[in-house]
Amino acid sequence: MRVVSVVGARPQLVKLAAVAAAFEGTPHEHVIVHTGQHYDADLSDVFFDGLGIPAPDVHLGVGSGSHGVQTGAVLSAMDAVLDARRPDWVLVYGDTNSTLAGALSAVKLHLPVAHLEAGLRSFNRRMPEEHNRVLTDHAADLLLAPTQDAVDHLAVEGLAERTELVGDVMADVCLRVRDAVHAGDHPPPVLPDGIDPSAPYLLATLHRPDNTDDPARLDALLDALAALPVPVALLAHPRLVARAAAHGLDLARGSVRPGRPLPYAGLVAAVEGSVGVVTDSGGLQKEARWLRRPCTTLRPETEWLETLAHGWNVLVPDPHLDPVDRWVATATRTAPVVVDDPDAPDVGGAAHRVVDALTRHRSPT
Ligand code: UD1
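By my numbering, the letter at position 198 of the sequence shown is numbered 201, and the numbering carries on one by one without gaps.
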């Protein structure tokens, strides 16, 4: 069986690490196509190096652009790549513009498409990720769902027959890396200047268009972080840096200590070193829970409903509109008492279930 994985953005590289490892030692051929949606070393190269992912077989180098330009650039470059290889499966990951473009190219070439992390829904049609998820799920032939909630969403949309629950491949990677960090296999993370790793700090990220594109909203969110009573290590995504510069806003203010994004092992160590996480990232909401740190999410909704159980994750869409005492109390709350969690991911198995599902559902040639 030949499988082409299409990836391009940071969170997809984490998922790819699990899948590439599961293909190792199998008789299957696994081809990696990097679209180039993320091109900064901090967002791409360090993930290949740090997570031991084989170098991409093909690099499309599309770079940044508006959604239509970026999606179109990947789409127009993919046809020749897929036509040359005619894989048994095109495997697309998550919800980025690279996901949708990879899926569209494949269906138009009559190549079977599998969607990893299928069935997630925010029900917020303003989010580019929501368009990408819904369209990719309806185009794909095999829907590899991470959670029962995702399976249920797909059933409501009439896609139950194409759906298989495989679990969350990000848990495989997160907990493997956590164990390696504990074993001393990675150097300590380079935290932003002004963060003392031996004193309490919060770890923050902010990059969603809804939080960064409007200058007044971004300014208010940064002020909310600035008002927190502990230092805030803000790992600034290039999108945040670019938008803040364009709006004339300083990231460094009050408690906020801006720094660069971290490689994956550094991120895991930084979460474990923190007293909590404040973010609008999808993956970090889950990673905080797996690493047992409370997460405060600066969004009105989450695709990862299981993170809300027991208060591991709390949604605060407009921290600047809350009374400051309430905002501070939420962001600095302590971790819930650890209870046995019936939704805990089946650690170590999800990526192998992906390979198994692709093998079983492969069309006879
Ligand atoms: C993309 C995904 C988002 C995911 C995120 C993870 C879409 C629609 N969004 O958002 O779902 O959560 O990746 O990081 O696909 N930039 C750089 N260097 C880079 C990449 C981006 O400077 O390597 C800057 C550019 O100014 C660019 C902006 O960031 O215009 C946005 O990048 P883009 O890839 O369009 O979306 P992300 O915000 O990274």
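We put the beta carbon where it would ideally sit given N, CA and C, even for glycine.
- Residue interval of the alpha helix (DSSP H) (run including Leu221): Taking the first residue of the sequence shown as 1, we reach residue 221 at position 218. It spans Pro218 to Ala229 - the alpha helix (DSSP H) in which Leu221 sits, taken as one unbroken run.
- Message: What ranges does the alpha helix (DSSP H) occupy inside the segment 168-198, keeping only unbroken runs of at least 4 residues that lie completely in it?
- Response: 172-185
- Query: Closest by CA to His323, which one among Leu209, Pro90 and Arg220?
  - Reply: Counting from 1 along the sequence shown, the entry for residue 323 is found at position 320. Nearest of Leu209, Pro90 and Arg220 to His323, Cα basis: Arg220.
- Task: Just the C-alpha distance for Ala249 and Leu243, rounded to the nearest angstrom, thanks.
- Result: Translated into the one-based positions of the sequence shown, residue 249 becomes position 246. Translated into the one-based positions of the sequence shown, residue 243 becomes position 240. As the crow flies, the alpha-carbon of Ala249 is around 10 Å from that of Leu243.
- Task: Would you mind listing the beta strand (DSSP E) stretches within the segment 290-319 that are 3+ residues and don't spill past its ends, in chain order?
- Result: 298-300 and 316-318
- Using the Cα positions of Met9 and Arg179, report the straight-line distance between them to the nearest angstrom. By 1-based counting over the sequence shown, the position of residue 9 is 6. By 1-based counting over the sequence shown, the position of residue 179 is 176. Checking the sequence, you will find Val at residue 9 rather than Met. Taking C-alpha positions only, Val9 is separated from Arg179 by approximately 23 Å.
- Task: With a floor of 4 residues, list each alpha helix (DSSP H) that falls wholly inside the segment 42-83, ordered by position along the chain.
- Result: 48-54
- Message: Would the segment 290-302 count as touching the segment 332-339 if we require 3 or more Cβ pairs under 8 Å?
- Response: yes
- Query: Do you know offhand how far Phe126's Cα is from Arg165's?
  - Reply: Mapped onto the sequence shown, residue 126 falls at position 123. Mapped onto the sequence shown, residue 165 falls at position 162. Distance between the alpha carbons of Phe126 and Arg165 is about 21 Å.
- Item | Nonlocal neighbours in the same chain, by C-beta distance under 7 Å from Gly66, ignoring five residues either side | As a position in the sequence shown, residue 66 is number 63, starting the count at 1. Contacts found: Gly39 and Tyr42.
- Message: Would you call the segment 5-19 in contact with the segment 215-232, where contact means no fewer than 3 C-beta pairs closer than 8 Å?
- Response: no
- Message: Just verifying my parser: in three-state terms, what is the DSSP assignment at Arg260?
- Response: Here residue 260 corresponds to residue number 257 of the sequence shown, with the count starting at 1. Looking at Arg260 - three-state DSSP - the assignment turns out to be strand.
- Item | Unbroken stretches of the beta strand (DSSP E), 3 residues or longer, contained in the segment 128-171 | 145-148 and 166-168
- Could you check where the beta strand (DSSP E) with Ala121 kicks off and where it finishes? As a working mapping, residue 121 is identified with position 118 in the sequence shown. Premise fails: Ala121 is in no beta strand (DSSP E) and is neither H nor E.
- Exposed or buried, what is Ala186 when buried is set at 16 or more other beta-carbons lying within 10 Å of its beta-carbon? Counting from one through the sequence shown, the residue named residue 186 turns up at place 183. Its Cβ having fewer than 16 others within 10 Å, Ala186 is exposed.
- Query: In the structure shown, what three-state DSSP assignment does Val17 receive?
  - Reply: Here the question's residue 17 lines up with position 14 in the sequence shown. Val17 falls in the helix class under three-state DSSP.
- Item | Residue closest to Ile56, alpha-carbon to alpha-carbon, out of Ser47, Gly64 and Leu63 | Your numbering for residue 56 matches position 53 in the sequence shown. Nearest to Ile56 by C-alpha distance, out of Ser47, Gly64 and Leu63, is Ser47.
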